[in-house]
Amino acid sequence: MTARVIICCGSGGVGKTTVSAALAISLARSGQRVAVLTIDPARRLADSLGIGSLGNTARRVPLERIDPDCTGSLDAMMLDAKATFDDLIRRVSPSPGAADRILANHYYRFASQRLGGSHEYMAMEKLLDLWQTGPYDVIVLDTPPTRHALDFIKAPDRMAGLFDQGVMRWLVMPATQGGWRALELGSEVVAKVLKRFLGRGTIAEIADFFEDFRDLWDGFTERSKRVKALLADPATRFLLVSAPARAAQVEALYFLDVLNQRKLPFGGFVINRVVEAPAHPPSATALRAAMPPDGPTAADRWAEICAGVAQAPAQRQALAEAHARQVAALKAAGPVGAPCWLIPDQDRDLHDLADLAELGPYLPS
Ligand SMILES: Nc1ncnc2c1ncn2[C@@H]1O[C@H](COP(=O)(O)OP(=O)(O)OP(=O)(O)O)[C@@H](O)[C@H]1O
Ligand SMILES: [Mg+2]
Numbered sequence: 124m125t126a127r128v129i130i131c132c133g134s135g136g137v138g139k140t141t142v143s144a145a146l147a148i149s150l151a152r153s154g155q156r157v158a159v160l161t162i163d164p165a166r167r168l169a170d171s172l173g174i175g176s177l178g179n180t181a182r183r184v185p186l187e188r189i190d191p192d193c194t195g196s197l198d199a200m201m202l203d204a205k206a207t208f209d210d211l212i213r214r215v216s217p218s219p220g221a222a223d224r225i226l227a228n229h230y231y232r233f234a235s236q237r238l239g240g241s242h243e244y245m246a247m248e249k250l251l252d253l254w255q256t257g258p259y260d261v262i263v264l265d266t267p268p269t270r271h272a273l274d275f276i277k278a279p280d281r282m283a284g285l286f287d288q289g290v291m292r293w294l295v296m297p298a299t300q301g302g303w304r305a306l307e308l309g310s311e312v313v314a315k316v317l318k319r320f321l322g323r324g325t326i327a328e329i330a331d332f333f334e335d336f337r338d339l340w341d342g343f344t345e346r347s348k349r350v351k352a353l354l355a356d357p358a359t360r361f362l363l364v365s366a367p368a369r370a371a372q373v374e375a376l377y378f379l380d381v382l383n384q385r386k387l388p389f390g391g392f393v394i395n396r397v398v399e400a401p402a403h404p405p406s407a408t409a410l411r412a413a414m415p416p417d418g419p420t421a422a423d424r425w426a427e428i429c430a431g432v433a434q435a436p437a438q439r440q441a442l443a444e445a446h447a448r449q450v451a452a453l454k455a456a457g458p459v460g461a462p463c464w465l466i467p468d469q470d471r472d473l474h475d476l477a478d479l480a481e482l483g484p485y486l487p488s
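The opening position of the sequence shown corresponds to residue 124 in my numbering, with each subsequent residue numbered one higher.
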């Protein structure tokens with residue numbers, strides 16, 4: 124798969140972060156300069172990637188520990204939505220002074236963390252930043268567990284829309300024209316109530332924030348357009364990470380619909396944690412023969428254990444068959460010939476570089 128940007132999406136807990144990290148390692152080992160932007164990685168995974176407490180700062184992952192001949196490189200980071208928002212403000216502010224005023228504003232500090240969809244949008248914003256400024260062949264983007272797939276793809280639109288809406292215009296209107304600032308002057312009932320609840324200082328601060336923000340509109344709108352263009356770029360691929368379970372697949376197909384509607388480039392399905400059929404299931408008799416019990420008293424108990432162990436492969440076989448049916452159903456429901464990568468369930472949490480590198484052969488190259 125030749126792509127400059129790979130975005131791993133999917134419902135909560137299917138393995139987006141694991142797949143993003145494993146894919147980034149695998150691409151770096153194939154000789155490329157790779158960056159991976161992870162979202163809320165598990166603590167041990169973050170530590171293995173060397174990004175434990177560093178947030179937005181890119182850290183070189185010590186791939187030589189697992190592959191001394193590795194010719195590529197991998198920089199990893201963990202999204203810090205607040206720091207990304209601050210960087211964005213600095214980038215689109217008309218002057219450093221204006222940026223400082225906004226960044227110091229209490230209302231901004233509150234809004235930047237609670238604005239609906241801002242986490243999703245900041246992931247996109249950081250992606251654009253890396254794409255424009257980083258020396259990378261490929262950028263792999265993990266995505267946050269959004270309530271709904273749509274939230275993520277809609278984020279740039281929602282951000283741009285927010286700054287276009289009439290209410291924002293009202294908020295930044297000068298007091299003399301009856302905007303938000305007029306609350307400072309007026310004696311209207313609304314103003315009085317608001318002042319009682321929020322305090323005069325808060326209203327003034329909110330008004331200052333929106334006034335400073337007015338100058339940022341164009342910059343924001345421009346960035347949102349670029350983010351949208353990057354998502355739709357022919358060198359971008361959305362990988363839909365799923366699980367061999369019906370709920371996750373319904374979500375993946377819904378996501379695929381959203382991609383199609385928005386003409387965003389679908390790269391294929393990654394079905395994670397697929398259970399494989401046991402190669403040579405041992406029989407109870409074979410188990411008994413291989414490991415006889417120590418003494419006569421243990422014989423009954425031992426027979427019981429052997430019978431239980433011998434049943435386990437049958438259960439695993441049934442699970443493997445169920446998973447194979449789910450995989451076939453997803454393939455049949457997806458576009459004809461859509462790429463589909465299957466990752467076996469590793470039967471343990473995957474946290475260190477060596478664990479992640481083991482997934483390489485199952486991932487796009
Ligand atoms: N193939 C696999 N085999 C075994 N364990 C796996 C596999 N893939 C992922 N896991 C484990 O599943 C758990 C969830 O994975 P991960 O955090 O990557 O999911 P996620 O989709 O990013 O979750 P969230 O939606 O919360 O961000 C982790 O503990 C991870 O180690
Ligand atoms: Mg995750």
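Beta carbons: idealized from backbone N, C-alpha and C, even for Gly. Predicted, not measured: the structure shown is a model, and the values here were computed from it.
Practice problem: Give, in chain order, every unbroken run of the beta strand (DSSP E) that is at least 3 residues long and sits entirely within the region 138-224. | Solution: 156-161, 196-201
Quiz item: G136: buried (16+ other C-beta within 10 angstroms of its C-beta) or exposed?
Solution: exposed
Self-check item: Proximity to L264 [Cα-Cα], best of A206, Y231, P164, W340
Solution: P164
Quiz item: Is it right to say R166 is buried, meaning 16 or more other beta carbons lie within 10 angstroms of its own, or is it exposed?
Solution: exposed
Quiz item: Mind checking whether the beta-carbon of G483 lies closer than 7 Å to any heavy atom of ligand 1?
Solution: no
Practice problem: For the beta strand (DSSP E) containing N395, list its first residue and its last residue. | Solution: 389-397
Quiz prompt | Own chain residues within Cβ distance below 7 Å of I174, not counting five before or after | solution = R182, A199, M200, M201
Quiz item: With DSSP run on the structure shown, which of helix, strand or coil describes S365?
Solution: strand
Quiz item: Does the separation of the CB atoms of G195 and Q255 fall below 8 Å?
Solution: no
Quiz item: Quick one: does the C-beta of I162 sit closer than 7 Å to a heavy atom of ligand 2?
Solution: yes
Quiz item: For R385, which residues from the same chain have a beta carbon less than 7 Å from its beta carbon, with the 5 sequence-adjacent residues on both sides left out?
Solution: I276
Exercise. Report the residue from S218, L211, D260 whose alpha carbon sits nearest the alpha carbon of D252.
Key: L211
Practice problem: Please state whether DSSP places L465 in a helix, a strand or coil. | Solution: strand
Quiz item: Do Q469 and ligand 1 come close, with the Cβ less than 7 Å from some heavy atom?
Solution: yes
Quiz item: Is L442 helix, strand or coil when you go by DSSP?
Solution: helix
Self-check item: heavy atom of ligand 1 below 7 Å from I466 C-beta
Solution: yes
Quiz prompt | Backbone secondary structure at R127 - three-state DSSP | solution = coil
Quiz item: Which of the three DSSP states, helix, strand or coil, is assigned to R471?
Solution: coil
Quiz item: Do S171 and L465 come within 8 Å of each other at the CB atom, strictly closer than that value?
Solution: no
Quiz item: Is the number of C-beta pairs between the region 143-158 and the region 371-382 that are closer than 8 Å three or more?
Solution: no
Exercise. Taking only the alpha-carbon atoms, compute the straight-line gap between N383 and E399 and give it to the nearest angstrom.
Key: 32 Å
Practice problem: Answer yes or no: the CB of K139 versus the heavy atoms of ligand 2, is any distance below 7 Å? | Solution: yes
Quiz item: By Cβ distance below 7 Å, which residues in the same chain neighbour P217 in space, the five residues on each side in sequence not counted?
Solution: D338
Quiz item: Closer than 8 Å, CB to CB, is P484 near chain D or not?
Solution: In the structure shown, chain D cannot be found, because there is only a single protein chain.
Quiz item: Between which two residues does the alpha helix (DSSP H) containing L253 stretch?
Solution: 241-256
Self-check item: Whole-angstrom C-beta distance between R360 and A126, which should lie under 8 Å
Solution: 4 Å
Quiz prompt | Option nearest P258 by Cα separation, candidates V159, N228, S347 | solution = V159
Quiz item: L168 and V157 look like a contact to me (Cβ under 8 Å); what is the Cβ gap, rounded to whole Å?
Solution: That pair is no contact at about 16 Å.
Quiz item: Where does L226 sit, in a helix, a strand or coil, going by DSSP?
Solution: helix
Quiz prompt | Start-to-end residues for the beta strand (DSSP E) that takes in L264 | solution = 261-264
Exercise. Let me know the secondary structure DSSP gives R232 once reduced to three states.
Key: helix
Practice problem: Determine the closest residue to L197 out of L186, D203, V364, with distance taken between C-alpha atoms. | Solution: L186
Quiz item: Of the residues C132, R349, P462, which one's Cα is nearest the Cα of Y485?
Solution: P462
Quiz item: Whose C-alpha, out of R213, G391, A352, is nearest the C-alpha of S488?
Solution: G391
Exercise. State the CB to CB distance for the pair K139 and V364, rounded to an integer number of angstroms; the pair is presumed to be in contact (CB under 8 Å).
Key: 5 Å
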